[in-house]
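*Asks:* Just passing along the structure, written as structure tokens.
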Amino acid sequence: VLLYGPPGTGKTLLARAIASNIDANFLKIVSSAIIDKYIGESARLIREMFGYARDHQTCIIFMDEIDAIGGRRFSEGTSADREIQRT
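The sequence shown maps to residues 6 to 92 in the numbering used here.
Here's what the structure looks like:
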């Protein structure tokens, strides 16, 4: 489910309320914190996050600021830039 809107409109509050209502674990991830300059670290963090969610079912993963990791794709740049695109 994608909740879209300007800051302060209650997206996180809504996700927390849903998690509480269905007795689910709630993981809030700030997407900009996932990005790492070392190749493979971002992918490892994401694998660990989903592994935790799998082990602690039922779980809602709320990814805040998802636009921080989604940029325009390009073929030039460093290997770190390409790693961010793949993640």
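Quick reminder that beta carbons are idealized off the backbone N, C-alpha and C, glycines included.
#1: Since Thr17 and Phe67 are thought to touch, with beta carbons under 8 Å apart, how far apart are those beta carbons, to the nearest angstrom?
#2: Mind checking which residues open and close the alpha helix (DSSP H) that includes Leu8?
#3: With a CB to CB cut of under 6 Å and the five nearest residues on each side skipped, what residues in its chain are close to Glu70?
#4: For Gly47, count the other beta carbons within 10 Å of its own beta carbon; 16 or more makes it buried, fewer makes it exposed. Which is it?
#5: Cβ of Ile65 within 7 Å of Cβ of Ala29?
#6: Near Gly10, what residues of its chain come up, given a Cβ to Cβ distance below 7 Å and the 5 sequence neighbours on each side ignored?
#7: By the 10 Å Cβ neighbour count, where 16 or more other Cβ atoms means buried, how is Ile39 classified, buried or exposed?
#8: For a minimum of 4 consecutive residues, which ranges assigned as the alpha helix (DSSP H) are wholly contained in the segment 43-77?
*Replies:* Result, derived from the coordinates:
#1: 6 Å
#2: Note, Leu8: premise wrong, no alpha helix (DSSP H); not H, not E.
#3: Val35, Ser36, Ser37
#4: The sequence given here places Ser at residue 47; Gly does not occur at that position. Ser47 should be labelled buried.
#5: yes
#6: Lys16
#7: buried
#8: 46-60
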